[in-house]
Amino acid sequence: MNAATPVTLIGLGPMGQAMVRTLLAAGHPVTVWNRTPGRAEGVVADGATPAASPADAVAAGELVILSLTDYQAMYDVLGTATGTLDGRTIVNLSSDTPDRAREAADWAAGHGAHFVTGGVMVPAAMVGTEAAYVYYSGPAEAFETHRATLARIGTPRHLGADPGLAQLMYQAHLDVFLTSLSSLLHATALLGSAGITAKEAVTELMRTLTDIPAMLQAGENIGAQIDAGEHPGHLSTVTMMGATADHIVATSTAAGIDLTLPRAVQAHYRRAINDGHGKDNWTRIIDAIRTPGADAGA
13 MNAATPVTLI GLGPMGQAMV RTLLAAGHPV TVWNRTPGRA EGVVADGATP
63 AASPADAVAA GELVILSLTD YQAMYDVLGT ATGTLDGRTI VNLSSDTPDR
113 AREAADWAAG HGAHFVTGGV MVPAAMVGTE AAYVYYSGPA EAFETHRATL
163 ARIGTPRHLG ADPGLAQLMY QAHLDVFLTS LSSLLHATAL LGSAGITAKE
213 AVTELMRTLT DIPAMLQAGE NIGAQIDAGE HPGHLSTVTM MGATADHIVA
263 TSTAAGIDLT LPRAVQAHYR RAINDGHGKD NWTRIIDAIR TPGADAGA
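According to our numbering, the sequence shown is numbered sequentially starting from 13.
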């Protein structure tokens with residue numbers, strides 16, 4: 013598709029507005045609609061065309077990008093515009109579960125639309141930059157037809173035909189992200205119990221966050237080893253890491269702060285030890301994560 017491809021974008025939160033401005037800057041005519049009309053004023057001033065209704069917005073272009081709260085919002089908005097969906101490609105960049113994405117793909121197909129799911133992996137301020145990337149899944153032909161346009165938002169990575177894959181990858185990334193944020197603040201609270209300010213704590217703790225990739229890549233390909241069922245314990249063991257998890261729980265208990273997160277981590281190591289894998293590499297805890305079970309610390 014060339015730079016003049018018309019695009020409709022529905023949903024004008026910070027992410028939606030960033031995408032509109034990026035597409036406008038690349039020369040795309042962009043039609044917009046938002047449930048709160050006032051949110052459209054800024055992008056309209058920048059050159060976007062406001063639509064009077066979702067049906068008018070969908071009718072304005074073959075490519076319809078959604079940036080909404082969740083997939084239910086898609087039904088709420090496009091439920092009044094089903095008569096205009098036939099032949100359109102809907103690219104839903106909203107967050108929800110893989111199963112909801114699959115259900116939405118069936119719904120869209122029932123109205124004659126092509127449906128591509130996606131997950132934007134950067135904050136709004138980074139949309140359109142070289143650092144931006146977006147996971148997609150769904151029919152390859154529909155995706156490839158609009159690849160060049162979607163690349164304006166960020167480097168596109170198509171994962172396959174299953175419409176749930178992009179959401180699965182998106183949620184997996186957020187699993188790492190949200191857990192990291194919680195651990196950062198838990199550690200900040202732990203240091204705060206000794207009078208260390210949050211400013212000082214975060215400054216010190218950020219080094220661990222930024223050093224983790226290098227630590228994980230030092231001499232081991234942990235992903236390949238996990239796939240092969242190999243957990244060599246020559247560098248670190250479940251027992252060693254489990255002892256550290258025990259110490260964190262004990263320290264947090266003495267500090268009087270919440271134990272939910274450290275106990276969850278501790279439970280992974282205790283299950284692996286109880287299953288006889290104490291001498292294996294710490295990656296062995298994936299066995300406990302893959303199968304639900306009672307808290308080993310209970």
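Idealized CB from N, CA, C, for every residue including glycine.
Owing to the predicted nature of the structure, the values given are computational and were not obtained by experimental measurement.
7 Å CB neighbourhood of residue i in its chain, flanking five on each side removed
| i | result |
| --- | --- |
| Val261 | Leu271, Pro274, Arg275, Gln278 |
| Leu323 | Residue 323 lies beyond the residue range present for the chain, which begins at 13 and ends at 310; the question has no answer from this structure. |
| Val188 | none |
| Gly25 | Ser79 |
| Ile297 | Val250, His280, Tyr281, Ala284 |
| Thr81 | Ser106 |
| Gly309 | Confidence at Gly309 is low in this model, with a pLDDT of 44, below 50, so the placement of that residue should be treated as unreliable; the coordinate-derived value is given next. Counting only Cβ-Cβ distances below 7 Å, and skipping sequence neighbours, we find Arg275, Gln278, Ala279, Arg282. |
| Asp258 | Gln278 |
Per-residue DSSP class, three states only, for residue i
| i | result |
| --- | --- |
| Asp292 | coil |
| Gly131 | strand |
| Asp307 | With a pLDDT of 49 at Asp307, under the threshold of 50, the modelled position of this residue cannot be trusted; read the value that follows with caution. Residue state, collapsed to three classes: coil. |
| Thr215 | helix |
| Arg169 | strand |
| Val139 | coil |
| Met13 | Reliability fails at Met13, whose pLDDT of 42 lies under 50, so the model's placement of it is uncertain and the value that follows must be treated cautiously. If DSSP states are grouped into helix, strand and coil, Met13 belongs with coil. |
| Leu24 | coil |
| Thr81 | coil |
| Pro62 | strand |
| Leu247 | coil |
| His123 | coil |
| Leu75 | strand |
Proximal residues to residue i (C-beta, below 8 Å), its chain only, five neighbours per side dropped
| i | result |
| --- | --- |
| Thr161 | Met13, Thr17, Val19, Leu35, His40, Leu75 |
| Leu171 | Tyr147, Tyr148, Ser149, Leu177, Ala178, Met181 |
| His198 | Ser264, Ile269, Asp270, Leu273, Pro274 |
| Thr303 | none |
| Ser248 | Asn293, Trp294 |
| Gly204 | Ala210, Ala213 |
| Arg47 | Val89 |
Boundaries (first-last residue) of the alpha helix (DSSP H) holding residue i
| i | result |
| --- | --- |
| Ser149 | No alpha helix (DSSP H) contains Ser149, which is instead part of the beta strand (DSSP E) from 145-149. |
| Val261 | 250-267 |
| Asp100 | Reading off the sequence shown, one finds Arg at residue 100, where the question assumed Asp. Note, Arg100: premise wrong, no alpha helix (DSSP H); not H, not E. |
| Asp187 | 177-204 |
| Arg51 | Segment: none, Arg51 is in no alpha helix (DSSP H) and carries neither H nor E. |
| Ala230 | Taken as a continuous stretch (DSSP letters only), Ala230 belongs to no alpha helix (DSSP H), as it is neither H nor E. |
| Thr272 | 272-286 |
| Gly235 | 234-239 |
Beta-carbon proximity list for residue i, same chain, < 6 Å, skipping 5 on both sides
| i | result |
| --- | --- |
| Ser79 | Gly23, Met27, Gly28, Leu105 |
| Asp292 | His243, Gly245, Val250 |
| Ala60 | Val32, Val42, Val44 |
| Asp307 | Confidence in Asp307 is poor, its pLDDT being 49 and thus under 50, which makes the residue's placement unreliable; the coordinate value appears in the next sentence. Correct list, in chain order: Ala279. |
| Gly140 | Thr34 |
| Gly166 | Ala144, Tyr145, Val146 |
| Thr295 | Ile234, Ile238, His243 |
Contact belief for residue i with residue j at Cβ below 8 Å, rounded distance in angstroms
| i | j | result |
| --- | --- | --- |
| Ile285 | Gly241 | Wrong, their Cβ atoms sit about 19 Å apart, outside the cutoff. |
| Ala173 | Gly207 | The pair is not a contact, with the Cβ atoms about 56 Å apart (cut-off 8 Å). |
| Met133 | Tyr147 | 7 Å |
| Arg112 | Tyr87 | So it is not a contact: roughly 10 Å between Cβ atoms. |
| Ala154 | His126 | 4 Å |
| Thr101 | Ala67 | Rounded, the Cβ-Cβ distance is 17 Å, inconsistent with contact. |
| Gly124 | Leu97 | 6 Å |
| Gly175 | Ala117 | According to the sequence as given, residue 175 is Pro; it is not Gly. With a Cβ gap of about 4 Å, Pro175 and Ala117 count as contacting. |
| Thr191 | Leu217 | Contact flag wrong, Cβ pair sits at about 14 Å. |
Any non-hydrogen atom of the ligand NAP closer than 6 Å to residue i Cβ
| i | result |
| --- | --- |
| Phe155 | With respect to small molecules bound, the structure shown includes none, and the ligand NAP cannot be examined in it. |
Element boundaries [beta strand (DSSP E), containing residue i]
| i | result |
| --- | --- |
| Thr161 | Here Thr161 belongs to no beta strand (DSSP E); instead the alpha helix (DSSP H) covers 159-162. |
| Thr43 | 42-45 |
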